[in-house]
Structures are given as C-alpha cells and as structure tokens.
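Visitor: Before we start, here is the structure in question, set down as structure tokens.
Number of protein chains: 2
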Amino acid sequence: MAKPRTTPQVIRSTAEFAAHVGLSRSTVSRALNGHPGLKQKTIDRVQAALDATGFRPNAHAVNLRGRRAAMVGVCMEDFRNPTAVAKVSLLQQRLREQGLTTLIEVLAPGSSRQTLGHLLSLRVGAVVFIGHFDPSELAAQIDELTRHSTPHLVIDDPGPGGANSVSLDRVRAMELVIEHLVAQGHRSFGLLGISGAFQTVTDRLTGVDRALRAAGLDPAVAAVSLDSLHVRRDHFEYGSLLARSFLAQRRRPTAYLAVNDDTAVGALLEFQAAGLRVPEDLSLFGFNNQNLCLMTRPKLSSVDQNIEDTIDVSVKTLLAKIGSVVTRRITTHRVAPHLVLRGTTGPAPGNAGR
Amino acid sequence: MAKPRTTPQVIRSTAEFAAHVGLSRSTVSRALNGHPGLKQKTIDRVQAALDATGFRPNAHAVNLRGRRAAMVGVCMEDFRNPTAVAKVSLLQQRLREQGLTTLIEVLAPGSSRQTLGHLLSLRVGAVVFIGHFDPSELAAQIDELTRHSTPHLVIDDPGPGGANSVSLDRVRAMELVIEHLVAQGHRSFGLLGISGAFQTVTDRLTGVDRALRAAGLDPAVAAVSLDSLHVRRDHFEYGSLLARSFLAQRRRPTAYLAVNDDTAVGALLEFQAAGLRVPEDLSLFGFNNQNLCLMTRPKLSSVDQNIEDTIDVSVKTLLAKIGSVVTRRITTHRVAPHLVLRGTTGPAPGNAGR
DNA sequence: GGCAAAAAACGACACGTGTCGTTTTTGGTT
DNA sequence: AACCAAAAACGACACGTGTCGTTTTTTGCC
C-alpha cells in the first residue's frame, strides 16, 4: 500500500535507503549532509525514514572517501590507574561532543608498534597518549606519527622532549605541598615512592628541591627517601613497606609525601598500626585526590590533578592540531594543581623539627 | 642507488607501497594476505619493506570490501565502576589476541541510540554491553542489533530476557555467603544497599531468601534492609549512612552483606567509629573483591567475581556468534563465584543470634 | 495553459583494497 | 637454444559514499 515497493529487511546502503524512501540516492545524500536547495518537506521525509529505520551510512565508505577519519586514538598504559581512567573517560566525553570518536587502546610494551600501526591503518585524526611509557619507545611512536603527518598529544608524561604535551605542573604541586608543611613547622620530609626515571617523578623531585632551598633547608638532609630498600609491586603494599622502614629509623621525618594515594594509605595504616597518631605525630600527603582519600580515618590530604582543566586544554589543543596542517611547532601546556587539605596534615609535633 | 625510484615521504596506498618495493600491486596484496604461489624471497622483500616503512593498508578500504569489520563494540555504563573497567580491560586484551579490535563507548542514557548507531555505522561484528542499563532501553538496543543481524552479548545484567548473556551466578554467591555465616552462628543479617530493580540485585535477594529458608530461617525476619531510609549517591557514603541507621536500632543483626566493597567499607568505618569491634561484635561481607578490600583493618571479606572465567566464556561466545550466521537462539551462561574470607568475618558474638 | 525556476533524478568518478582471470616475464632443465 | 612451469604483472570489478555537472520532472505563478 505504501510507496516503497522494495522493503529489504535490512538497509545496507544509501541506495537501498533511497529506494525505501522513494527518492534518488543523490537527493538522500544531500539531505543527509545538509546541502541547500532541498524542499523542507523532503528533508523531513528523509529524517523520518532515518529515525524509523535506524539506517546509518557506512562509516568506512565515508572515511575512505575523506582523507582522514573523525576518530582519535587514545593509547593507555593500563586500565588499573584510576586517574588515567578518569582522564580518558572525560576525554572521550568531550571529544564526542565535538563529533569525534575515541578509539581506546592499551599500549603493551612489546606490541606498541603493532597497536600504533592499527591506529594508523584506521587513519585516525590524532593520537593521544595517557600514562607512563618507555621514553625511547614513546619517542619512536611520536616520530612515526609525525612521518604519517598525524598529530599527537601526550597527557601527563611529556618525556624527553619533542612531544606535544599537556600535563599537571608537578613541580609547582610539590612546591605547594612543601610550602604548606614548612609553614606548619615541618623541617624533615619522607618521600614515599617518589623515585624513578619518569618525568612525572623527576618533576616532583625538582619541586621538592626548589621549595626546600627556598625555605633555607638543605634538600640532601631535609628530604629522605628509602625507596631503594624495597621492590615496588603494588602501590599500597609498597607504602606499607616504606612506612615500616621509616619506623625502624632512629630519627624520623615529621611529614611524608607519597607518590600517589594508594601508597599514602598503605603507609598510613602501617604508621597507625605502630601506634602513631596522625596528624598529631606525623603528617601525610597523598597525590591524585582519588575517592580513596575519603575512606581513611583521618581522611587523606592530597593533591588534586584538576582533570577538568587538563582535558579541556587537551581537547582544545587536539582540535587545533586536527584542523590545521601539521606543523613542527611543539606545544606544551601546564595545568595548575591545588591542594586538598584533610585530616592527615597538621602542625609539626612539638619542636621536633630538627 | 637502491631500486625504488619513487620514494614518497608517506606511503598512502598499496599502489604506492608496491611501487616503493618494486613489485606490482597484486603481488604485494597476495604477499600481505598470505596467498600461495609466491617466491619466499619476494615475501621476505615485502615484509622487510613493511617493517621499514611502517605501512599498513587502509583499514576502511579493507572493511568496506568485507561485509563485516573485525571490530567489536563495547558499551559501558560508566568508567567509574572498577569491576566493569577490569572486565573491559581483560576483554579487550583477549579479543585482540583473536585479531579483533575493541571499540569502547560509554552509553549515556539519553544518547544511547546515537551511540549504537555509531557502532552500527562502523559495521562492527558484535556489540557487548557491560554494566547496568535501563531494561527497556537495553531491550530496544538489542532489538535494533538483531534487526541489523549483529550479534550481541550482555555481561552481568541479563535484563528482562531475550538477550545473550554471561553473568556471575549471584544467586549462588549469596547462598554461599549466607551458608558460611549461618555455619558461624549468625542468624540475623543486615543488607546494605542490596535493593533496586536491576537483576544483579534481585538475583542476590533470591539467593539470600533461598539460603535462609534452607537454614530454617524466615527471610522476612532474618534479613533486614534499611535502604529506603536514605538516598543513594556515593556508595561509600551510603554505606556509612546505612550503618548509622543500623546503629540506631534496638536489636541489630550480627552480620552484614553489602552490595559492593565501597559500601562495605563505608559501613565498616562507621561501625568501628561507634566502638564496635569487627569481627568480634559483627561480621561484614563485601562484594567484588577489589583492591580496596586489602586497605581496611581488618581486611574485608568479599565475593570474587571470577572475572577471568567471565571474560573467557564471553570471548568464546562472541567468536561463535561472529563466525556463524545469526540465529534467534538465546545463549545464557552463569559463572561460579567464590568467597574470599578475610578479617571482617567470624563467629557470631556469644549466643546473641536471636 | 504556459513558462520559468526550483527540485529532484541521473550518471559518472574517486577513494583503497581484495580477488580473479589472463597475459607476460623469469628461471631452471633438457 | 628451446621449452615449460612457476612467478609476477596486468587489468578490471566490486564494496558504499560524497560530489558535481547535466538532464528531467515538479512546482508555483501569471
């Protein structure tokens, strides 16, 4: 009874769809792509049929015709890092608002080349790296991307250089932490898990150094790290082990700075199990401000990463790079951190500074 | 000096690649796809050039030619649920071993149709749902997938029926928990956050009921829920609120079963803050067996989801469905849970059972 | 009813790949 | 040198889309 004479169960192409609507393929095409010179009634008819059938043009054919896909590849180190997951989650949401699809991949150390090749074969518009990667391997990936004139962006681990990056200003973050604790009377600081070659770590050490010097303290004396005594496997467990080692020391720092919240919580429980009171006997600072911070007693003070700003800047940068021609110009952005003071930080005990 | 006379900076097609190697396009193509009748030396030459240039055939062109893409779409409710993230992480890993790409998307309640359309436009080979979804909306999605003869799989929330599913046997899980606690002398149980319309919840209530009856107890008396007293926002906070409400009761259960670990930890801290000793005064069971369980004192007993089995079965099911023609046959799998006993569970206090 | 303008249809091409049948070249053997 | 089979090259088609110039149909107006 209705117009369409051929009504295939599944519509596979614009040709079939056009036949179903009773229009020509070109008319449907320009209706779908918003070209001018169409009667409003026709546009409505196409739209109605679109809603009714749920037809969507084959993305592969669309992307094959265009030079570049409306996709952004995201390489992650892991799904176990809650902060990285939060970032990719927000990033996907924001990119989708811009009409961009996000293709999330875990970049395994061995098969990173293969994974990147996969993204390149899909002709993604850009590739984003989130997390920690082997510096030389990352540099190779970025080099390959550049050779394929595909823009890239590294979030949080800029690496040795030559990469576009957006990252938290970790130097400033540690300066803020130290400044705050010094103002509270602390003069000796234990570092929990802040060691290694990643720039996310070396930046923090730089910040600690600067702030200590600015306060007239000698970093070699005022900052203590026992990281080398243990092998890092699980963050939480590592925090416990380090705390135990500090407990065995004769003279102990009055404040502790952890590489992340898990490590801080591990240390906190160990200190408390030894009968120490927090924050009366010692102060403790986490990093990342995860939900976990609310689940300890007292609640954990931490550094907030300001993920919203990080992602907003990242998206803006990406859009600019995708839109324009590829330039050799390297862009770098720093996002300001802020401290979240909770129950694990307080004045230094007595005059026990040093 | 070398053979290739034309060496474009970027190789964009097999034609350019073939010219670069000094072979014809068809020869290169059959070398790439492992066709017989080629000299080993030629194959090696192609492979070497492949490694050297990093060229990968345009995936869109490949997928355009084939009927179906070697991609699997994964719809998630959220990235904030650690268990769901763990599942998608393992799923992606396993699917990649099978040569399948995973496209992860968050299915926002409003724009779920649009997101699914996006996956369909990419002609994915299958769509997996992980998490909790609105039943009617999920049913509509599955219906649309079936109309497009695209296989689907729902992990963990089978919904009202008519969907292929792989999920933890939550009925059995709660039976195991109750059986264990009854054997320890517990006769009255508090339910923390186990309420709502999702099947992942109703299944658990069924399990509680069955096990209680089997133990000769009346579920209406032995199982107490105060969920309706509070609005659920954050799991941890909800656990705290519920514990406070139980503390205000005259007669209290001796054992508590939480909907997840976060809720359990919230309750644990509240009970302890009130001076109750765990497990001497009360027992507490979490659900999911996350890392968080190790971060409390005492450590939290919990139900392990057996994610490896879940994903293994899921991958097997998916491969079968992708390979064969679409059938109307619905498949359902249940994965066995197991209990992880830690410090928050013990014998019921005195004879205070009832 | 006629006429011009607007709307729609038509037809063809390009995007990059896999495949297949046919033709040409290569390389080894008699 | 001749021959023959293996190896490579050649040419063409299909996949589904966007676009564009051209032709046909519809619409609106006098």
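Chains as they are written, first to last, in our numbering: chain A, -15 to 338; chain B, -15 to 338.
No residue lacks a Cβ here, since even glycine has one placed at the ideal position from N, Cα and C.
My guess is that M158(A) and R188(A) are in contact by the Cβ rule of under 8 Å, so how many angstroms apart are they, rounded?
Guide: Between R188(A) and M158(A) the Cβ distance is about 5 Å, and since that is below 8 Å, they are a contact.
Visitor: Express the C-alpha separation of R312(A) and G177(B) in angstroms, rounding to a whole number.
Guide: Answer to the nearest angstrom: the Cα atoms are 55 Å apart.
Visitor: Taking 9 Å as the cut-off, decide whether the C-beta atoms of A33(A) and V5(A) are in contact.
Guide: Yes, they are a contact pair.
Visitor: Going by beta carbon distance, what residues of the same chain come within less than 7 Å of E221(A), once the five residues before and after it are set aside?
Guide: Closer than 7 Å at the Cβ level, and outside the excluded window around E221(A), lie G250.
Visitor: Just to confirm the assignment: which complete alpha helix (DSSP H) runs, minimum length 4, are found wholly within the region 68 to 136 of chain B?
Guide: If we require 4 residues or more, the alpha helix (DSSP H) runs fully inside the region 68 to 136 of chain B come out as 96 to 105 and 119 to 131.
Visitor: Report the neighbours of V(-6)(B) on chain A: residues whose CB is nearer than 7 Å to its CB, in chain order.
Guide: Those are R131, H132 and S133, listed as they occur along chain A.
Visitor: Name the chain A residues that come within less than 9 Å of V69(B), Cβ to Cβ?
Guide: Going along chain A in sequence order, the residues near V69(B) (Cβ under 9 Å) are F63, R64, P66 and V69.
Visitor: Looking only at DSSP bridge pairs, what is Y240(B) linked to?
Guide: Bridge partners of Y240(B): G174(B) and L268(B).
Visitor: So which residues of chain A does N148(B) contact, with C-beta pairs closer than 8 Å?
Guide: The contacting residues do not exist; N148(B) stays about 19 Å from chain A at best.
Visitor: Under 9 Å, Cβ to Cβ, is there at least one residue of chain B near F220(A)?
Guide: Chain B, which has a Cβ nearer than 9 Å to the Cβ of F220(A), makes this yes.
Visitor: Under the rule that 16 or more other beta-carbon atoms within 10 Å means buried, what is A304(B), buried or exposed?
Guide: Counting Cβ neighbours within 10 Å, A304(B) comes out exposed, since fewer than 16 surround it.
Visitor: Between the alpha carbons of K23(A) and S10(B), how many angstroms are there, rounded?
Guide: Computed Cα separation, rounded: 47 Å.
Visitor: Quick one: is T328(B) buried, meaning 16 or more other Cβ sit within 10 Å of its Cβ, or exposed?
Guide: The residue in question, T328(B), is buried, as its Cβ has 16 or more Cβ neighbours within 10 Å.
Visitor: Under 7 Å Cβ-Cβ, which residues of chain A neighbour Q76(B)?
Guide: By Cβ distance, chain A contributes V90.
Visitor: Take G101(A) as the anchor and find which of A43(B), R29(B) and S285(B) has the nearest alpha-carbon.
Guide: G101(A) has its Cα closest to that of A43(B), out of A43(B), R29(B) and S285(B).
Visitor: Since H317(B) sits in a beta bridge, which residues does DSSP pair it with?
Guide: H317(B) pairs with V150(B).
Visitor: Just checking my contact of A206(B) with F173(B) at CB under 8 Å: how many whole Å lie between their CB atoms?
Guide: Between F173(B) and A206(B) the Cβ distance is about 6 Å, and since that is below 8 Å, they are a contact.
Visitor: Report the residues of the region 265 to 291 of chain A with a CB closer than 9 Å to any CB of chain B, ordered along the chain.
Guide: For the region 265 to 291 of chain A, which is checked against every Cβ of chain B, the residues closer than 9 Å are N275, L276, L278, M279, T280 and R281.
Visitor: 9 Å is my cut-off, CB to CB: does G145(A) come that close to chain B?
Guide: No, no contact with chain B.
Visitor: With distances taken Cα to Cα, identify the nearest neighbour of M60(A) among R29(A), L16(A) and L122(A).
Guide: Looking at the Cα atoms, L122(A) is the closest of the given residues.
Visitor: Give me the subset of the region 30 to 49 of chain B whose CB atoms are less than 7 Å from a CB atom of chain A, sorted by chain position.
Guide: Against chain A - using a Cβ distance shorter than 7 Å - the residues of the region 30 to 49 of chain B are G38, R40, P41, N42, A43, H44, A45, N47 and L48.
Visitor: DSSP three-state label for I(-5)(A), please.
Guide: Reduced to three states, the DSSP call for I(-5)(A) is coil.
Visitor: Going by C-alpha distance, which of A332(A), V262(A), T(-2)(A) and V299(A) is nearest R78(A)?
Guide: Residue V299(A) is the option with its Cα nearest to R78(A).
Visitor: Taking C-alpha atoms, which residue in N244(B), S286(B) and T238(B) lies nearest to P263(B)?
Guide: When only C-alpha atoms are compared, the closest one is T238(B).
Visitor: As a quick exercise: from I306(B), G259(B), G334(B) and V215(B), pick the residue whose alpha carbon is nearest that of L84(B).
Guide: Taking only the C-alpha atoms, the option nearest L84(B) is I306(B).
Visitor: DSSP state of P333(B), grouped into three classes?
Guide: Correct three-state label for P333(B): coil.
Visitor: For the alpha helix (DSSP H) containing H219(B), name the first residue and the last one.
Guide: Where H219(B) is concerned, the enclosing alpha helix (DSSP H) stretches over H219 to L231.
Visitor: Identify whether H164(B) lies in helix, strand or coil by the three-state DSSP scheme.
Guide: Reduced to three states, the DSSP call for H164(B) is helix.
Visitor: Grouping DSSP H, G and I as helix and E and B as strand, with all else coil, what is V262(A)?
Guide: Three-state DSSP puts V262(A) in coil, outside helix and strand.
Visitor: Can you list, in chain order, the residues of its chain whose CB lies under 8 Å from that of P282(A), leaving out five sequence neighbours each side?
Guide: Here the set comprises V262, P263, R326, G327 and T328.
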